[in-house]
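First residue of the sequence shown? That's 54 in our numbering, and the numbers climb one at a time after it.
Glycine is no exception: its CB is placed at the ideal position from the N, C-alpha and C atoms.
Working notes, structure below.
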Amino acid sequence: MVVVLVAAAIALRSRSGHQPGDAVANTGATVVGQTSHRSKPRRVVPARPPLSPAQQRLRAVLDRELSAAGPDSGAEVYDLGAHAQLFAAREQVKRPPASVEKLYTTVALLRKLGPDAKLTTTVLGTGSPGPGGVWHGDLYLRGGGDPTLGDAAFNRVWESGYGPTLGQLAAQLIKQGIRRVTGSVIGDDSLFDALRGGPATAYAPDVPDFGGQLSALSFDHGSSAKRLSPGAFAARELVLTLRASHVSARAAKRTAQTPRGARVLARVSSPPMSVLLSLMDVPSDDLFAELLTKQLGSRFDHAGTIAAGAHVITDVIHSYDLHPTIVDGSGLSRNDQSSPLEVSDLLRYVWHTPVGLRLSDSLPVVGETGTVRSIATRTAAQGHCIAKTGTLDYVTDLAGYCAARGGHMVAFALFVDGPTNERALVLISRMVAAIAGY
54 MVVVLVAAAI
64 ALRSRSGHQP
74 GDAVANTGAT
84 VVGQTSHRSK
94 PRRVVPARPP
104 LSPAQQRLRA
114 VLDRELSAAG
124 PDSGAEVYDL
134 GAHAQLFAAR
144 EQVKRPPASV
154 EKLYTTVALL
164 RKLGPDAKLT
174 TTVLGTGSPG
184 PGGVWHGDLY
194 LRGGGDPTLG
204 DAAFNRVWES
214 GYGPTLGQLA
224 AQLIKQGIRR
234 VTGSVIGDDS
244 LFDALRGGPA
254 TAYAPDVPDF
264 GGQLSALSFD
274 HGSSAKRLSP
284 GAFAARELVL
294 TLRASHVSAR
304 AAKRTAQTPR
314 GARVLARVSS
324 PPMSVLLSLM
334 DVPSDDLFAE
344 LLTKQLGSRF
354 DHAGTIAAGA
364 HVITDVIHSY
374 DLHPTIVDGS
384 GLSRNDQSSP
394 LEVSDLLRYV
404 WHTPVGLRLS
414 DSLPVVGETG
424 TVRSIATRTA
434 AQGHCIAKTG
444 TLDYVTDLAG
454 YCAARGGHMV
464 AFALFVDGPT
474 NERALVLISR
484 MVAAIAGY
């Protein structure tokens, strides 16, 4: 799936004057850890010439659909080639961006970690090996915040085939000669805090939205079991995997931090960040978003918490002179506040930069993939726009890029608040179709 999306994004860029090779030529490591960025293009406000027939048609459609959406909706549409605003309505009013928030999270991850960063899960041992393949001591399964660690069959279905497995760790332990563990196999989820949900639920578990519980040691998308946290559950699953290969071991029911001096016995790594971002943005995966937000907090703000990670994201977005209110990485909290103009400006500022190219690669194709599969089907937008959805009750947003029929590359942000999500998707489909037809 990710390969198809990358190809589609490259094709989309090619229509706007980019060459497919740009995606390779512009992906150096110079963006990693930097707080500076390419100078943002100045918003040009020339004397208004008469509207062309194409502009008149576009504005008529957008005016009509936003009028039907009601007074709590807003939008901005910007021609990236002409450096000109094509349409704006209540574009500076801040509203919950819902999962459009993940655009901010994606940009921050690319800027701070880069597209090639990987997350590591490690097995460490305390004690020593003895005759007959006996490990005298404990084994610690230490999580690195990888949201793709899982069973091979699970990953084939839910992670597009990506992600390391406990079977790979078990194979490495067996290769070390381990046949029995006298102590326990203990999960170590200490990289992040112990809060299992996000601010939308006062940090209580939010399985309906996340599809699991948040943990630095997450197996099969944050799965857990009765009286077992995600970290302890992962340790138990490693034990079951070892036993299937005739290695005797038992799992601890609680997690603990790996003692200093423990010896590394096995490790596996996540797919690169570029793939993780596609796995986050295409299906709009909230668990991925918050685990990666905690990763930012752990590495750059001294705490593996959503609040610390949101602070890092905020700093990155502030460097573009944009000032949304960011309290999480997923957009589930209604305390997140952003305007259509801020989102459109971010898309404009990163366009045709290394970060912008990778952001484009991570987004689903309108009318074809991910959460935008059913939007604007059989219209000019299908296959010619990439966009991030945002959905809460009575909040329906869409933001991204369109390679329009008239040869224009357009950035847009559509925030529809008030109508039901079903009704709003009809209005948004008409609007993005008009944008693509411009």
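Residues that residue i bridges to, as DSSP identifies them
i: S391; result: R148
i: V210; result: According to DSSP, V210 bridges with nothing at all.
i: K441; result: A452
i: A304; result: V238
i: E129; result: A141, A466
i: L177; result: Y193, V317
i: P322; result: Looking at the sequence shown, residue 322 is not Pro but Ser. In the DSSP output, where bridge partners are listed per residue, S322 has T173.
i: P182; result: W188
Host beta strand (DSSP E) of residue i (start-end)
i: E475; result: Looking at the DSSP string, E475 is not in any beta strand (DSSP E); the run it does join, the alpha helix (DSSP H), is 474-489.
i: Q138; result: 137-142
i: P377; result: Per DSSP, P377 belongs to no beta strand (DSSP E) and is neither H nor E.
i: H461; result: It is not in any beta strand (DSSP E) - H461 carries neither H nor E in the DSSP assignment.
i: D191; result: 187-195
Extent of the continuous alpha helix (DSSP H) to which residue i belongs
i: H371; result: 359-371
i: P283; result: 283-297
i: L111; result: 106-122
i: T346; result: 339-353
i: R411; result: 407-415
i: L226; result: 219-228
i: L162; result: 154-165
i: V328; result: 326-334
i: P261; result: 260-263
Residue i versus residue j - alpha carbon distance
i: A285; j: D125; result: 46 angstroms
i: R249; j: N474; result: 28 angstroms
i: A122; j: L400; result: 24 angstroms
i: V380; j: A247; result: 18 angstroms
i: L295; j: L244; result: 25 angstroms
i: I481; j: L451; result: 8 angstroms
i: S69; j: V260; result: Interpretation of S69 is limited by its pLDDT of 39, a score under 50 that renders its predicted location unreliable; the figure taken from the coordinates is listed afterwards. Computed Cα separation, rounded: 41 angstroms.
i: G490; j: F465; result: 13 angstroms
i: S181; j: F272; result: 27 angstroms
i: L115; j: A487; result: 8 angstroms
i: S237; j: G196; result: 17 angstroms
i: A206; j: E212; result: 10 angstroms
i: T311; j: A288; result: 13 angstroms
i: R426; j: R148; result: 25 angstroms
i: L390; j: R143; result: First, the residue type needs correcting, since residue 390 is Gln and not Leu in the sequence shown. When rounded, the distance between both Cα atoms is 14 angstroms.
i: Q266; j: V408; result: 30 angstroms
i: R352; j: E154; result: 21 angstroms
i: A61; j: H437; result: Confidence at A61 is low in this model, with a pLDDT of 43, below 50, so the placement of that residue should be treated as unreliable; the coordinate-derived value is given next. The straight-line gap from Cα to Cα measures roughly 9 angstroms.
i: A361; j: N388; result: 16 angstroms
i: L344; j: R164; result: 17 angstroms
i: V485; j: Y402; result: 21 angstroms
i: G214; j: P283; result: 21 angstroms
i: R476; j: V146; result: 22 angstroms
i: R483; j: A456; result: 16 angstroms
i: W404; j: V365; result: 21 angstroms
i: S152; j: L445; result: 8 angstroms
i: R458; j: F140; result: 17 angstroms
Pick from the options that is closest to residue i, judged by C-alpha positions
i: G203; options: S327, T174, L192, Y193; result: T174
i: P184; options: Q145, K155, T235; result: T235
i: G178; options: D116, A315, G423, L330; result: A315
i: S383; options: Y157, D132, V146; result: Y157
i: L330; options: V130, V160, L104; result: V160
i: L467; options: D259, P336, K441; result: K441
i: G264; options: S391, L226, D339, F207; result: D339
i: P472; options: G443, T449, T308; result: T449
i: H274; options: R112, R313, P325, A342; result: A342
i: D169; options: P324, T367, V365; result: P324
i: A128; options: T424, D470, T346; result: D470
i: P150; options: I359, R476, Y447; result: Y447
i: D199; options: M326, S120, T444, I439; result: M326
i: R313; options: Q145, D241, S337; result: D241
i: G443; options: Q108, V335, G350, L139; result: V335
i: H461; options: D132, A113, L332; result: D132
i: V292; options: S277, I239, Y454; result: I239
i: V262; options: S386, A457, R117; result: Checking the displayed sequence, the identity of residue 262 turns out to be Asp instead of Val. Nearest option by C-alpha distance: S386.
i: V479; options: L119, Q108, H355; result: L119
i: G453; options: T424, A356, S413; result: S413
i: I231; options: A457, V176, Q108, F140; result: V176
i: M333; options: L162, Q108, T218; result: L162
CB contact below 7 angstroms: residue i versus chain B
i: V380; result: Protein chain content of the structure displayed is limited to a single chain, and chain B is not contained in it.
Open item on the list: Quick test of the definition: if touching needs 3 or more C-beta pairs under 8 angstroms, does the region 221-240 touch the region 311-323?
Closed with: Because the criterion of three Cβ pairs below 8 angstroms is met, the region 221-240 and the region 311-323 touch.
TODO: Could you tell me whether the region 371-378 touches the region 294-310, using the rule of 3 or more Cβ pairs below 8 angstroms?
DONE: No, they do not touch.
- [ ] Answer yes if the region 253-263 comes into contact with the region 188-196, meaning at least three C-beta pairs across the two stretches below 8 angstroms, and no otherwise.
- [x] Segments in contact, no.
TODO: Kindly confirm or deny that the region 354-371 and the region 103-117 touch, where touching means at least three C-beta pairs closer than 8 angstroms.
DONE: Using a C-beta cut-off of 8 angstroms, the region 354-371 makes no contact with the region 103-117, since fewer than three inter-stretch Cβ pairs fall below that distance.
Task: Meets three-Cβ-pair contact criterion under 8 angstroms: the region 428-446 and the region 410-419 - done: Contact check between the region 428-446 and the region 410-419: three or more CB pairs, one atom from each, fall below 8 angstroms, which counts as touching.
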